[in-house]
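Novice:
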Amino acid sequence: MSKTFKTLDDFLGTHFIYTYDNGWEYEWYAKNDHTVDYRIHGGMVAGRWVKDQEANIVMLTAGIYKVAWTEPTGTDVALDFLPNEGKVNGTIFFPKWVQEHPEITVTFQNEHIDVMEAAREKYATYPKLVVPEFATITYMGNAGQDNDEVISEAPYAGLPDDIRNGNYFDADYHRIKK
Numbered sequence: 241m242s243k244t245f246k247t248l249d250d251f252l253g254t255h256f257i258y259t260y261d262n263g264w265e266y267e268w269y270a271k272n273d274h275t276v277d278y279r280i281h282g283g284m285v286a287g288r289w290v291k292d293q294e295a296n297i298v299m300l301t302a303g304i305y306k307v308a309w310t311e312p313t314g315t316d317v318a319l320d321f322l323p324n325e326g327k328v329n330g331t332i333f334f335p336k337w338v339q340e341h342p343e344i345t346v347t348f349q350n351e352h353i354d355v356m357e358a359a360r361e362k363y364a365t366y367p368k369l370v371v372p373e374f375a376t377i378t379y380m381g382n383a384g385q386d387n388d389e390v391i392s393e394a395p396y397a398g399l400p401d402d403i404r405n406g407n408y409f410d411a412d413y414h415r416i417k418k
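So that you can map any letter, position 163 of the sequence shown is 403 in my numbering, and since no number is skipped, the others follow by simple counting.
(1) For a quick check, are the C-beta atoms of Q339 and M299 less than 9 Å apart?
(2) What is the C-beta distance between D277 and I391, in whole angstroms, given that I count them as a contact (C-beta under 8 Å)?
(3) For P312 and Q349, which I take to be in contact (beta-carbon distance under 8 Å), what is that distance rounded to the nearest angstrom?
(4) Among A286, R360, G330 and G314, whose alpha-carbon lies nearest the alpha-carbon of V307?
(5) Whole angstroms are fine: how far does the CA of D320 sit from the CA of D273?
(6) Once you ignore the five residues that flank W264 on each side, which residues in its own chain have a CB closer than 6 Å to its CB?
(7) When you compare the CB positions of Y266 and A383, do they come within less than 9 Å of one another, or not?
As structure tokens, then:
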């Protein structure tokens with residue numbers, strides 16, 4: 241995708257894949273002005289995926305965007321997107337329980353919110369593990385807003401490469417059936 245990001249509307253509906261400097265790979269979609277979808281392909285919670293996460297999404301200045309949310313796990317996330325520069329700066333604040341039991345979160349969160357909330361109550365939440373990292377954007381696609389096909393299945397090995405190589409979405413950004 242070759243596009244210059246200037247407005248909030250330029251950002252909304254964009255699908256990203258990025259890799260943090262620590263090697264963790266994430267896939268993230270600005271679904272609309274208040275929700276995001278994402279899959280985690282690498283790192284301590286690889287295999288986790290989420291749809292319709294409520295988030296605060298703002299443009300800080302032309303082409304620079306901040307997105308922040310709190311998950312049912314108690315994890316807080318703050319991301320700064322600089323798509324014109326191909327960069328993301330993210331800080332993830334993992335509760336102590338997620339650091340000690342990440343496997344509980346590695347699922348489709350939407351179907352297990354009760355499990356996340358129970359773990360949040362059962363295990364220690366403090367001190368939080370703070371992970372501040374820069375990331376390089378390795379893919380940007382114009383999926384359009386509210387496209388439920390962008391993040392529609394669990395992560396699998398090679399999925400980011402399938403997307404980057406054009407083997408996952410058709411020209412209208414619909415999932416290619418295998």
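For each residue, glycine too, the CB sits at the ideal point set by N, CA and C.
Specialist: To lay it out plainly:
(1) Taking 9 Å as the Cβ cut-off, Q339 and M299 do not qualify as a contacting pair.
(2) With 8 Å as the limit, D277 and I391 qualify as a contact, their Cβ atoms being about 4 Å apart.
(3) Indeed, because the Cβ distance is near 7 Å, the residues count as touching under 8 Å.
(4) Among A286, R360, G330 and G314, the Cα nearest to that of V307 is on G330.
(5) If you take the alpha carbons of D273 and D320, they lie about 15 Å apart.
(6) Counting only Cβ-Cβ distances below 6 Å, and skipping sequence neighbours, we find G282 and G283.
(7) Using a Cβ distance threshold of 9 Å, Y266 and A383 do not count as a contacting pair.
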